[in-house]
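Enquirer: Sharing a structure with you now.
In my numbering, the protein residues as written are 101 to 542.
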């Protein structure tokens, strides 16, 4: 007699089933859920769990780097405690996490190539570049800050030299071309003790003094000629316009009178006193300008220092970027280092997307694709079922409405036929009645 084996119990069957594998759990399941992995489908290919767990870890790492990058950037712009910057940094990390998670989720079940892949990769590169820059500056911060200090010193020296050239001490009048150039660069400064006004007065007085002196010298020359002519006439010298007669004759008296009249009319002594007075005013103004110039030098030095950039103070993100560029131009190693780090950070952000292209479609992708196809087929069948189920009563109702419409139409037709018959009968009756009346029967 052959012994019969008892069928396996449900519990034994579940334990001995090869697929689906027992559901995974822990941190790995949580990471996979972040990138949209369907665990029920992945249970049929549990060998891929480490792969998708690491992809989820990469997405989480990228978002953490983004949060640190934003925190670093905010610390450059805002003078606030680092704890106050954490909400904004965490929010930015959450945004990057959502974008990267969406990029990976949309690739499940797809071949991993085509235009969609390149669009996703371009977006990943763009996000990686944004994330990398603040972190890059943080890594090279010591060297960058030293370069910033050197740049500030050079900028301060260049600015100071330009300001001193446009605002010379001691004061001197700038040429028009120099003044226009300085004004275009906004380098002209104004202080309270400005010798420019006094200098203008001095120049005006000197021009007036020189003009009067030239006229006075010309009149003195004319007077000397008249006096010399009178002396030659009285001494009996021969020459053009001279009589050659010695003694105080009429011609001698006339020549002396002309010289005396010209001297009186020219007011030579009074004009010389006016010139001397102008010289005195000029000397006093020069002394005043020297006094003002002393205060001008102090005030201008103070004004120039106020215009100079501070060598200290917070260092901004743009200033750090400029300093990093200066370091890159000085050293090949420094030039390559930032780009290597920048590319590494960009690659980290692109790795989740690149992993799909490098590994190709996995068994999980094919299973997801089949499940999507099955879902579409089931949806179409269910939609057809609902269509047919809901269509029958509606078609019955429409048929009933059509029947009622036909009955109403037949009723209207019958009523119209009866009305027509009655009208014909009435017409025939009237015709018969009229005919009898004509025959005299009525």
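We put the CB at the ideal spot given by N, CA and C, even for glycine.
Which first and last residues belong to the alpha helix (DSSP H) in which residue 248 is found?
Expert: 241 to 266 is the extent of the alpha helix (DSSP H) around residue 248.
Enquirer: Whole beta strand (DSSP E) runs in the stretch 453 to 479 with 3 or more residues, listed along the chain?
Expert: Runs found: none.
Enquirer: Is residue 207 helix, strand or coil when you go by DSSP?
Expert: Coil at residue 207, not helix or strand.
Enquirer: Rounded C-beta distance between residue 248 and residue 396? I'm assuming under 8 Å.
Expert: 34 Å between Cβ atoms; not a contact.
Enquirer: By how many angstroms is the C-alpha of residue 155 removed from the C-alpha of residue 209?
Expert: Their backbone Cα atoms lie some 15 Å apart in a straight line.
Enquirer: Looking only at C-alpha atoms, which of 121, 167, 244 and 285 sits nearest to residue 430?
Expert: The shortest Cα separation from residue 430 among 121, 167, 244 and 285 belongs to 244.
Enquirer: From 271, 473, 500 and 306, pick the residue whose C-alpha is nearest to that of residue 389; which is it?
Expert: The shortest C-alpha separation from residue 389 is found at 271.
Enquirer: At what residues does the alpha helix (DSSP H) containing residue 404 begin and finish?
Expert: 368 to 407 is the span of the alpha helix (DSSP H), which, as asked, contains residue 404.
Enquirer: Candidates 147, 185, 197 and 332: which alpha carbon is nearest residue 131's?
Expert: If we check each option's Cα against that of residue 131, 197 comes out closest.
Enquirer: What residue range is occupied by the uninterrupted alpha helix (DSSP H) comprising residue 131?
Expert: Start and end: 126 to 134.
Enquirer: If contacts are defined as beta-carbon pairs under 8 Å, then residue 240 and residue 424 qualify, I think. What distance do you get, rounded to the angstrom?
Expert: Indeed they touch by this definition, with Cβ atoms about 6 Å apart.
Enquirer: Tell me which same chain residues have a C-beta within less than 6 Å of the C-beta of residue 171, skipping the five on either side of it?
Expert: Once the five neighbours on either side are set aside, the close Cβ partners of residue 171 are 185 and 189.
Enquirer: Please tell me whether residue 408 and residue 228 are closer than 8 Å, where the distance is taken between their beta carbons.
Expert: For residue 408 and residue 228, no; Cβs fall outside 8 Å.
Enquirer: Taking 8 Å as the threshold (C-beta atoms), are residue 386 and residue 309 in contact?
Expert: Not a contact, by the Cβ cut-off of 8 Å.
Enquirer: Could you give the first and the last residue of the continuous alpha helix (DSSP H) run that contains residue 284?
Expert: Note, residue 284: alpha helix (DSSP H), 276 to 284.
Enquirer: Identify the continuous alpha helix (DSSP H) that holds residue 139 and give its terminal residues.
Expert: It spans 139 to 142 - the alpha helix (DSSP H) in which residue 139 sits, taken as one unbroken run.
Enquirer: Should the stretch 469 to 481 be regarded as contacting the stretch 150 to 169, the criterion being three or more beta carbon pairs within less than 8 Å?
Expert: Contact fails: fewer than three Cβ-Cβ distances are below 8 Å.
Enquirer: Taking DSSP as the reference, what is the three-state secondary structure of residue 292?
Expert: DSSP places residue 292 in coil when its eight states are reduced to three.
Enquirer: If you check the beta carbons only, do residue 123 and residue 139 fall under 8 Å apart?
Expert: Yes, these two residues count as a Cβ contact at 8 Å.
Enquirer: Are the stretch 254 to 268 and the stretch 482 to 496 touching by the rule of at least three beta carbon pairs closer than 8 Å?
Expert: Counting Cβ pairs under 8 Å, fewer than three are found: no touch.
Enquirer: DSSP three-state call for residue 219: helix, strand or coil?
Expert: Three-state result, residue 219: helix.
Enquirer: Classify residue 195 as helix, strand or coil using the three-state DSSP reduction.
Expert: Residue 195: helix per DSSP, three-state reduction.
Enquirer: Report the CB separation of residue 359 from residue 377 in whole angstroms; it is logged as a contact under 8 Å.
Expert: The pair is not a contact, with the Cβ atoms about 27 Å apart (cut-off 8 Å).
Enquirer: Compare the beta carbon distance of residue 175 and residue 203 with 8 Å and say whether it is the shorter of the two.
Expert: No, Cβ-Cβ distance for residue 175 and residue 203 is not below 8 Å.
Enquirer: Rounded to the nearest angstrom, how far is the Cβ of residue 194 from that of residue 169, given a contact under 8 Å?
Expert: Rounded, the Cβ-Cβ distance is 13 Å, inconsistent with contact.
Enquirer: Look at the Cβ atom of residue 221, then the Cβ atom of residue 453, and state whether they are nearer than 8 Å.
Expert: Going by C-beta atoms, residue 221 is nearer than 8 Å to residue 453.
Enquirer: Contact check, residue 366 vs residue 319 under 8 Å by CB: the rounded distance?
Expert: That belief holds up - the Cβ atoms of residue 366 and residue 319 are roughly 5 Å apart, short of 8 Å.
Enquirer: Excluding the five sequence neighbours on either side, which residues of its own chain have a C-beta within less than 6 Å of the C-beta of residue 121, listed in chain order?
Expert: Contacts found: 143 and 146.
Enquirer: Kindly indicate which three-state DSSP category residue 327 falls into: helix, strand or coil?
Expert: Residue state, collapsed to three classes: helix.
Enquirer: By Cβ distance, which residues of its chain are closer than 8 Å to residue 259, with the 5 residues on each side in sequence left out?
Expert: Only 407, 408 and 409 meet the Cβ criterion.
Enquirer: Taking residue 362 as the reference, which of 522, 283 and 326 has the closest Cα?
Expert: When each option's Cα is compared against that of residue 362, the closest is 326.
Enquirer: Whole angstroms is fine: what's the gap from residue 287's alpha carbon to residue 392's?
Expert: Cα-Cα distance, rounded: 21 Å.
Enquirer: Can you tell me whether residue 524 is buried or exposed? The criterion is at least 16 other CB atoms within 10 Å of its CB, across all chains shown.
Expert: Result: exposed.
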